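Undergrad:
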Amino acid sequence: MDVMNAEQAKIAEASGATAVMALERVPSDIRAAGGVARMADPTIVEEVMKVVSIPVMAKARIGHYVEAKVLESLGVDYLDESEVLTPADEVFHIDKHEFTVPFVCGAKDLGEAIRRIGEGASMIRTKGEPGTGNIVEAVRHMRLINSQIRKVQNMSKDELYAEAKNLGVAYELLREVHENGKLPVVNFAAGGVATPADAALMMHLGADGVFVGSALFGNVPADIADEFKKIPVLAEGYVGKEVTIGASPDLVMGRGGLFEDADWGVGTVNSLNDMSIKTYVQTNAAAYVEQLKVREEALKARASAETINYASFSDNGDGTIGIYNGNGDTFIESAMSLINMHNMLIDETGTLSLEKLIEVNPDVMIISRYAGGIDPEETIKKLLANKQVQNINAVKNKKIFIIDFNNFWGYGDSIFTGVEALADDMGL
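Numbers given in the working numbering equal positions in the sequence shown, counted from 1, plus 27.
#1: Kindly provide the ranges of any alpha helix (DSSP H) runs that are 4 or more residues long and lie completely inside the segment 102–162, ordered along the chain.
#2: If you measure between the beta carbons of D122 and E146, is that distance less than 8 Å?
#3: Report the option in E74, G349, A134, A46 whose CA atom is closest to the CA atom of D104.
#4: Under 8 Å: do the segment 381–391 and the segment 420–429 share three or more Cβ pairs, one atom per stretch?
#5: What runs of the beta strand (DSSP E), each 3 residues or longer, lie entirely inside the segment 327–381?
#6: Is the beta carbon of V213 less than 8 Å from the beta carbon of M150?
#7: Classify D29 as helix, strand or coil using the three-state DSSP reduction.
#8: At what residues does the beta strand (DSSP E) containing A87 begin and finish?
#9: Any idea if L319 is buried or exposed, counting beta-carbon neighbours within 10 angstroms, 16 or more meaning buried?
#10: Whose C-beta lies closer than 7 Å to the C-beta of M229 among residues of the same chain, with five residues either side of it excluded?
#11: Counting only the same chain and skipping the five closest in sequence on each side, list residues whose C-beta sits under 7 Å from that of A44.
#12: Once DSSP output is grouped into helix, strand and coil, what is the label at S241?
#13: Tell me, please, which residues DSSP counts as bridged to F428.
#14: If you run the structure through DSSP and keep just helix, strand and coil, what is V316?
#15: Could you spell out the range, first to last residue, of the alpha helix (DSSP H) harbouring R446?
#16: Quick test of your reading: P114 and R152, contact by CB under 8 Å. State the CB separation rounded to the nearest angstrom.
#17: Can you find at least 3 beta carbon pairs, one from the segment 342–357 and one from the segment 395–408, that sit closer than 8 Å?
#18: Mind checking which residues open and close the beta strand (DSSP E) that includes M48?
#19: Sorted by chain position, which residues of the same chain lie with C-beta nearer than 8 Å to K154's C-beta, five sequence neighbours on each side aside?
#20: Check each candidate in E386, M48, D431 and name the one with the smallest Cα separation from N418.
#21: Return the CA-CA distance between A450 and K383, expressed in angstroms with no decimal places.
#22: Candidates Y438, S298, S395: which alpha carbon is nearest D9's?
#23: How is V213 classed by DSSP in three states: helix, strand or coil?
#24: To the nearest angstrom, how far is it from the Cα of E186 to the Cα of L200?
#25: Go through its chain and collect everything with a Cβ distance to D225's Cβ below 6 Å, but skip five positions before and after it.
#26: For Y438, which three-state DSSP category applies?
#27: Classify W436: buried if its beta carbon has 16 or more other beta carbons within 10 angstroms, exposed otherwise.
#28: Determine the contact status of E139 and L326, defining contact as a CB-CB distance below 8 Å.
#29: My guess is that L137 and Q175 are in contact by the Cβ rule of under 8 Å, so how many angstroms apart are they, rounded?
#30: Under three-state DSSP, which class holds A183?
#31: What does the alpha-carbon distance come out to for the pair M363 and Y315?
#32: Run through DSSP, which three-state label would L411 get?
#33: Which of the three DSSP states, helix, strand or coil, is assigned to D402?
#34: With the cut-off set at 8 Å, would you say S331 and I359 are in Cβ contact?
#35: How long is the line joining the alpha carbons of I348 and S395, rounded to whole angstroms?
#36: Using DSSP with H/G/I as helix, E/B as strand and the rest coil, what is Q417?
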């Protein structure tokens with residue numbers, strides 16, 4: 028399981044984890060923050076190693092020999108040359124034969140898997156889509172590798188030579204796959220594994236093991252903190268419908284997506300209705316929709332006469348400023364448009380530089396705050412002290428604002444609260 032500190036590592040071990048991955052940020056954090064993602068702070072890794080008896084893993088950037096050497100010197104049990112972090116080399120991977128610590132590497136297909144093994148990888152994992160909770164990519168990669176292995180098993184010797192050339196792999200390793208019907212090393216599943224059902228699915232498809240991860244973001248609002256503490260906690264992760272029914276609750280709440288797919292374990296809307304659990308009350312829903320419409324119109328009435336162009340930023344984790352493009356955050360863009368704000372970088376992809384930020388010259392800049400994250404006030408100070416950005420309108424005019432991560436990335440009606448608070452801060 029992914030952990031960011033010693034306390035999380037202890038919880039993971041107590042919950043039955045067979046290994047932990049020591050990270051500075053979990054994959055979903057990395058996605059939200061953008062910028063450059065590097066190896067974890069060595070102090071975090073050391074603290075985790077001190078408190079658990081299970082193996083501790085850590086990530087190094089693809090091609091970053093020195094990061095890997097640093098982590099090896101700390102005594103980690105495994106190294107992950109990870110595509111979740113920002114690649115240090117776009118062409119070459121680390122020569123893993125020069126290390127004594129075993130490596131795990133990601134692969135989307137058989138050729139990639141064998142090439143990593145040829146470089147010295149001791150384990151292979153499907154890359155999946157980390158930080159999303161969506162298992163489909165891991166399933167796609169596992170099924171593709173399995174089908175390619177079956178194809179190789181049926182090849183003649185001549186065909187194997189041609190296939191080795193086609194895949195760009197060593198013939199000897201491909202012959203092992205041909206003879207044994209599997210990779211020469213352990214094949215794990217990872218990326219998007221969010222529920223016990225997901226893990227079971229990957230094992231059913233032939234994975235030798237499964238990496239899972241989970242993270243909780245955001246602070247409990249102060250005005251309900253005392254009441255929140257009184258709510259019984261049925262489970263640290265996702266709760267199955269049987270446990271939920273056993274608690275005889277008055278109300279069940281969750282993101283809509285949790286009730287759409289039976290694999291989540293919560294139960295679909297139809298299955299919950301079949302168990303006499305009311306999932307939708309038309310009159311209550313209609314009344315609530317009207318309340319939200321009133322809030323929507325109130326925000327429109329406060330909108331700026333001129334479009335306010337904004338950009339988002341964060342701390343990369345090492346004190347440098349990261350720029351978040353928000354590509355795909357259409358829900359947030361729609362909500363921000365209520366007060367006539369527009370994300371200037373929403374159509375951008377990949378890692379963005381300070382030069383790009385200077386080029387677009389936003390009127391406003393925003394940064395999110397969430398529990399356990401880097402203090403945004405400190406990040407703002409670093410931004411204001413950076414000589415490169417002094418001519419950006421948002422910096423010159425001190426138009427830099429903090430938003431609540433939960434309100435904007437909770438994917439629910441809390442976004443109204445977030446936009447209302449931002450409008451207040453901006454004086455709209």
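Glycine included, C-beta positions come from ideal geometry on N, C-alpha and C. On a predicted model such as this, the values are computed, not experimentally measured, just so you know.
TA: Result, derived from the coordinates:
#1: 137–145
#2: yes
#3: A46
#4: yes
#5: 335–342, 348–351, 368–370
#6: yes
#7: strand
#8: 83–88
#9: exposed
#10: A165, M169, A216, V220, V237
#11: M28, I81
#12: Residue confidence for S241 is low, a pLDDT of 40 falling below 50, so the modelled location carries little weight; the figure read from the coordinates is stated next. In the structure shown, S241 sits in coil (DSSP, three-state: anything other than H, G, I, E or B).
#13: I393
#14: helix
#15: According to the sequence shown, residue 446 is Val rather than Arg. Start and end: 441–453.
#16: With 8 Å as the limit, P114 and R152 do not qualify as a contact, their Cβ atoms being about 17 Å apart.
#17: yes
#18: 47–49
#19: E110, G133, A134, K135, E164, A165, H168, A217, G218
#20: E386
#21: 26 Å
#22: Only positions 28 to 455 of the chain appear in this structure, which leaves residue 9 out of reach.
#23: strand
#24: 14 Å
#25: I162
#26: coil
#27: buried
#28: no
#29: 4 Å
#30: Per the sequence shown, residue 183 should be read as Ser rather than Ala. If DSSP states are grouped into helix, strand and coil, S183 belongs with coil.
#31: 21 Å
#32: helix
#33: coil
#34: no
#35: 13 Å
#36: coil
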